[in-house]
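Protein sequences, first through last, are from chains A and B.
Numbered by numbering that gives the first Met the number 0, the letters in the first sequence go through residues 0 to 326 in order.
Numbered by numbering that gives the first Met the number 0, the letters in the second sequence go through residues 0 to 283 in order.
Notes follow once the structure below has been shown.
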Amino acid sequence: MSVQTDEAPPGVRSTPRREQPGGEPHGRGGVRSRGGLPYLLLLPALAVTALLLGWPLVMNGMLSFQKLNMTQLIQHVTEWTGTDNYSDTLGSEDFWRVTLRSVLFTVVNVVLIMLGGTLVGLLLARLGTRMRLLLSVGLVLAWAMPPIAGTTVYQWLFAQRFGVVNWVLDAAGFHSMADFNWTGGQLSTFFVISLLIVWTSVPFVAINLYAATTIIPRELYEAAALDGASARQSFTTVTLPFLKPFLLVTTFLEVIWIFKAFAHIFAINEGGPDRLTETLPVYAFVEGVGNQHYGMGAAISVLTILILLALMSYYLRIALKQEEDEQ
Amino acid sequence: MKRLLNRRRRQRLRAGLWPNATALVLFAGFVFPVYWMFNTALKPNSQITTEEPVWFPSSPTLEHFATAVRAEHFWSLVRNSVTVTLVAVGLALLIALFSAFALARMRFRGRKGVILTFMIAQMAPWEVMVIAIYMTVRDADMLNSLVPLTLFYTVMVLPLTILMLRGYVAAVPKELEESAMVDGCGRTQAFRKVIFPLLAPGLMATSLFGFITAWNEFPMVLILNKDPGAQTLPLWLSKFQTAFGDDWGATMAAASLFALPILLLFLYLQRKVVSGLTAGAVKG
Numbered sequence: 000m001s002v003q004t005d006e007a008p009p010g011v012r013s014t015p016r017r018e019q020p021g022g023e024p025h026g027r028g029g030v031r032s033r034g035g036l037p038y039l040l041l042l043p044a045l046a047v048t049a050l051l052l053g054w055p056l057v058m059n060g061m062l063s064f065q066k067l068n069m070t071q072l073i074q075h076v077t078e079w080t081g082t083d084n085y086s087d088t089l090g091s092e093d094f095w096r097v098t099l100r101s102v103l104f105t106v107v108n109v110v111l112i113m114l115g116g117t118l119v120g121l122l123l124a125r126l127g128t129r130m131r132l133l134l135s136v137g138l139v140l141a142w143a144m145p146p147i148a149g150t151t152v153y154q155w156l157f158a159q160r161f162g163v164v165n166w167v168l169d170a171a172g173f174h175s176m177a178d179f180n181w182t183g184g185q186l187s188t189f190f191v192i193s194l195l196i197v198w199t200s201v202p203f204v205a206i207n208l209y210a211a212t213t214i215i216p217r218e219l220y221e222a223a224a225l226d227g228a229s230a231r232q233s234f235t236t237v238t239l240p241f242l243k244p245f246l247l248v249t250t251f252l253e254v255i256w257i258f259k260a261f262a263h264i265f266a267i268n269e270g271g272p273d274r275l276t277e278t279l280p281v282y283a284f285v286e287g288v289g290n291q292h293y294g295m296g297a298a299i300s301v302l303t304i305l306i307l308l309a310l311m312s313y314y315l316r317i318a319l320k321q322e323e324d325e326q
Numbered sequence: 000m001k002r003l004l005n006r007r008r009r010q011r012l013r014a015g016l017w018p019n020a021t022a023l024v025l026f027a028g029f030v031f032p033v034y035w036m037f038n039t040a041l042k043p044n045s046q047i048t049t050e051e052p053v054w055f056p057s058s059p060t061l062e063h064f065a066t067a068v069r070a071e072h073f074w075s076l077v078r079n080s081v082t083v084t085l086v087a088v089g090l091a092l093l094i095a096l097f098s099a100f101a102l103a104r105m106r107f108r109g110r111k112g113v114i115l116t117f118m119i120a121q122m123a124p125w126e127v128m129v130i131a132i133y134m135t136v137r138d139a140d141m142l143n144s145l146v147p148l149t150l151f152y153t154v155m156v157l158p159l160t161i162l163m164l165r166g167y168v169a170a171v172p173k174e175l176e177e178s179a180m181v182d183g184c185g186r187t188q189a190f191r192k193v194i195f196p197l198l199a200p201g202l203m204a205t206s207l208f209g210f211i212t213a214w215n216e217f218p219m220v221l222i223l224n225k226d227p228g229a230q231t232l233p234l235w236l237s238k239f240q241t242a243f244g245d246d247w248g249a250t251m252a253a254a255s256l257f258a259l260p261i262l263l264l265f266l267y268l269q270r271k272v273v274s275g276l277t278a279g280a281v282k283g
């Protein structure tokens, strides 16, 4: 039940799926292909991706240059407005406030997830077989919880009346919390959302980090011990350097995932109270669909996608570099 | 000698105490929300709305599950969710198989670019694209239909399916295929008779991820299928509490019904979950 190690996480994997050592490189193998066959095989996948992912992206761009409110929507008219949506968005205080909020939200959550995940993962590596199994079952359950089931359960845990969290706080002596309305304020709502996101994201980091530690060669620790290294020294000189590529890539993945998180935030309180917990994806949705300013919503989403693209290109650079290093 | 051993053991025990205690606390923390969901779903109302929480359901009941199941449209929503998920995963597997084979077994110009394309597509910010998707589907006059939902879910899970399957195809020794071809099989035949059976476990693991993604998807169905009978389970669940007031027992029963298949799948396939997710998410 514990973690498989022959396909370990990124960066540190011994790449069983690539060319086998000693085997022939691909190009000179018997299955070398000429002509259009590979392109033919790739055609369906590329075609549906272009049609159903590429086209909406283009559409998103086009919508962002249109005035598309309720009237235009109903009458099916296209009203181009140039860059009005962008200048409106970039000129509005709201957009910058939401952007700053998204950045803070991402930073706080990613730091918590990476710290928590790393600590739990290192703990997993130290435990005996039975305790490790127990903890990993707990982690997998939290990880597997569907987002919307998670939000529903957290709403119940933090319910104002009969919620178990308020009861525990009251019993612990914080009597003012007995009837606390968690979704009534900005910070407390964010607290619930972040706890939910951290709870459901830590297992991914922890379990994969543990998997990464299992492929660190034992001899390295033995050599470090022979050289008289303390536990801490062998951690910084052996464990950390091995985990660094994994940590780097995972941090970036988490940044991307948290930055575009929608379901958790929206389902807890729909960006409320008073739109105070809207992050960029929720903001785009509420502006576009909720307030029926579809063109504005599209412009906000284009700006969000641009930020994500910048993050992704950095991530892809690291990931590709690691893949090349392995070869 | 014996005493020394005993002392060692005691030291080791003490050294093992802290990690184990921490692990127990963490286990409790991670499991509690899931436990509380099932716990509440199984308790009679008299044990839910109490001043002091009832930690163990002493007199379990299925009445909340009955309420959830009897909710309007429940069975058509189950059918919607299952249909959309299975068709999307099936389509994605079929399409991905061709691509995975090409990417794993053939060298051609642009191969790296194609892999990169799928790596990028896998991170596509679908959550942020819902407005454009809404307009596209509306222009095609297909709101409240399962067809666009299924097709978008197919594309949503396709990149990961391709990237994962590529690994599984590459793991099948090429010699097997070659010897089959030497023995007179055509390439298609060699694929069908030699590679495909060996791929079955990989197909299983890969489809698991597509299954989870499609089963859980929320933002798109939120905007596309507002019709109560055309929704899927996540959307229904997100509105359940509003529809049923503060009937937390029934809400938790609904959440349990929705989450249970995924929880079981994850526990059952934990090993593959771990290796597969990293392989797909990060590598390619």
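Each residue gets a CB set at the ideal place from its N, CA and C atoms; glycine is no exception.
In chain order, what residues of the same chain lie with their CB nearer than 8 Å to the CB of residue i, ignoring the 5 residues before and after it?
| i | result |
| --- | --- |
| valine 30 (chain A) | Its pLDDT being 49, under 50, valine 30 (chain A) is placed unreliably in this model, and the value from its coordinates should be taken loosely. Result list for valine 30 (chain A): empty, nothing under 8 Å. |
| threonine 66 (chain B) | Phe243, Asp246, Gly248, Ala249 and Ala252 |
| threonine 88 (chain A) | Phe94, Met295, Ala298, Ile299 and Leu302 |
| leucine 298 (chain B) | Lying outside 0 to 283, the shown extent of chain B, residue 298 (chain B) is not represented and no answer is given. |
| leucine 194 (chain A) | Tyr153 |
| leucine 168 (chain A) | Met176, Ala177 and Phe179 |
What residues of chain B sit near residue i, judged by a beta carbon separation below 7 Å?
| i | result |
| --- | --- |
| isoleucine 192 (chain A) | Correct list: empty, because the minimum Cβ distance to chain B is about 14 Å. |
| phenylalanine 261 (chain A) | Glu126 and Pro218 |
| methionine 130 (chain A) | Asn19 and Ala22 |
| alanine 230 (chain A) | Ordered by position in chain B, no residue passes the 7 Å Cβ test against alanine 230 (chain A), which lies about 11 Å from the chain. |
| arginine 100 (chain A) | Under the 7 Å cutoff, chain B gives no residues; its nearest Cβ is about 16 Å from arginine 100 (chain A). |
| isoleucine 255 (chain A) | Met122 |
For a contact meaning CB atoms closer than 8 Å, what does residue i contact in chain A?
| i | result |
| --- | --- |
| leucine 150 (chain B) | Val47 and Leu51 |
| tryptophan 74 (chain B) | Neighbours of tryptophan 74 (chain B) on chain A: none; closest Cβ ~19 Å, over 8 Å. |
| leucine 157 (chain B) | Ala44, Val47 and Thr48 |
| leucine 142 (chain B) | Those do not exist, as leucine 142 (chain B) stays about 12 Å from chain A at its closest Cβ, beyond 8 Å. |
| valine 33 (chain B) | Leu140, Ala141, Met144 and Val152 |
Count the other CB atoms within 10 Å of the CB of residue i; is the residue buried (16 or more) or exposed (fewer)?
| i | result |
| --- | --- |
| methionine 128 (chain B) | buried |
| leucine 236 (chain B) | buried |
| histidine 174 (chain A) | exposed |
| asparagine 5 (chain B) | exposed |
| glutamine 188 (chain B) | exposed |
| methionine 69 (chain A) | exposed |
| glutamate 221 (chain A) | exposed |
| glutamate 23 (chain A) | Note that glutamate 23 (chain A) has pLDDT 37, beneath the 50 cutoff, so the model's placement of it is unreliable and the number below is only indicative. Glutamate 23 (chain A) should be labelled exposed. |
| methionine 311 (chain A) | buried |
| glycine 109 (chain B) | exposed |
| asparagine 59 (chain A) | buried |
| lysine 225 (chain B) | exposed |
| proline 147 (chain B) | buried |
So residue i contacts chain B; which residues on that side make the cut at Cβ distance below 8 Å?
| i | result |
| --- | --- |
| asparagine 59 (chain A) | Met128, Ile130 and Ala131 |
| arginine 316 (chain A) | Those do not exist, as arginine 316 (chain A) stays about 11 Å from chain B at its closest Cβ, beyond 8 Å. |
For residue i, return the contacting residues in chain A, with the cut-off set at a CB-CB distance below 9 Å.
| i | result |
| --- | --- |
| glutamate 62 (chain B) | Within 9 Å Cβ-Cβ: nothing; glutamate 62 (chain B) doesn't reach chain A, min ~17 Å. |
| threonine 215 (chain B) | The amino acid at residue 215 (chain B) is misidentified as threonine; the sequence shows asparagine. Simply Pro145, Pro146, Ile147, Ala148 and Ala262. |
| isoleucine 194 (chain B) | Here the premise fails: no neighbours, minimum Cβ distance about 11 Å. |
| serine 237 (chain B) | Ile147, Thr150, Thr151, Ala262, Phe265 and Ala266 |
If I measure Cβ to Cβ from residue i and keep anything under 6 Å in the same chain, skipping five residues before and after, which residues do I get?
| i | result |
| --- | --- |
| tyrosine 85 (chain A) | Ala298 |
| proline 158 (chain B) | Phe117, Ala120 and Gln121 |
| tyrosine 167 (chain B) | Leu198 and Gly201 |
| valine 164 (chain A) | Leu156 and Phe157 |
| serine 75 (chain B) | Gly228 |
| methionine 105 (chain B) | none |
| tryptophan 181 (chain A) | Phe157, Ser187 and Val191 |
| alanine 103 (chain B) | Arg165, Val168 and Ala169 |
Are the C-beta of residue i and some C-beta of chain E separated by less than 7 Å?
| i | result |
| --- | --- |
| phenylalanine 210 (chain B) | Note that chain E does not occur in the displayed structure, where the protein chains are A and B. |
For residue i, which residues from the same chain have a beta carbon less than 7 Å from its beta carbon, with the 5 sequence-adjacent residues on both sides left out?
| i | result |
| --- | --- |
| alanine 283 (chain A) | Gly296, Ile299, Ser300 and Thr303 |
| glutamate 269 (chain A) | none |
| valine 107 (chain A) | Ser193 |
| methionine 61 (chain A) | none |
| valine 98 (chain B) | The sequence given here has serine at residue 98 (chain B), not valine. The residues are Ile161. |
| glycine 183 (chain A) | Pro272 |
| arginine 100 (chain A) | Thr278 |
Check distances from the C-beta atoms of the stretch 138-159 of chain A to those of chain B and list, in chain order, the residues that come in under 8 Å. Contact annotation: in the stretch 138-159 of chain A, residues whose CB is within less than 8 Å of a CB in chain B are Leu138, Val139, Leu140, Ala141, Trp142, Ala143, Met144, Pro145, Pro146, Ile147, Ala148, Gly149, Thr150, Thr151, Val152, Tyr153, Gln154, Trp155, Leu156 and Ala158.
Short of 7 Å Cβ to Cβ, which residues in the stretch 95-114 of chain B face chain A? So the list reads Ala95, Phe97, Ser98, Phe100, Ala101, Arg104, Met105, Arg106, Phe107 and Val113, given in the order they occur along the chain.
Check distances from the C-beta atoms of the stretch 298-317 of chain A to those of chain B and list, in chain order, the residues that come in under 7 Å. When C-beta distances to chain B are compared with 7 Å, the residues of the stretch 298-317 of chain A below that value are Ser300, Thr303, Ile304, Leu307, Met311 and Leu315, in chain order.
Within 8 Å of chain B by C-beta, residues of the stretch 273-288 of chain A in sequence order: Here the close residues are Leu279, Pro280, Ala283, Phe284, Gly287 and Val288.
At a CB distance below 7 Å, what residues from the stretch 161-186 of chain A approach chain B? Give them in sequence order. Cβ contacts with chain B: Phe161, Val163 and Trp166.
Any C-beta of chain B within less than 9 Å: which residues of the stretch 216-228 of chain A qualify? Listed by position along the chain: nothing, the set is empty.
Please list the segments of the alpha helix (DSSP H) lying wholly inside the stretch 229-285 of chain A, counting only runs of 4 or more residues, in order along the chain. Scanning the stretch 229-285 of chain A for uninterrupted alpha helix (DSSP H) segments of 4 residues or longer gives 230-233, 239-258, 262-268 and 279-284, listed from N- to C-terminal end.
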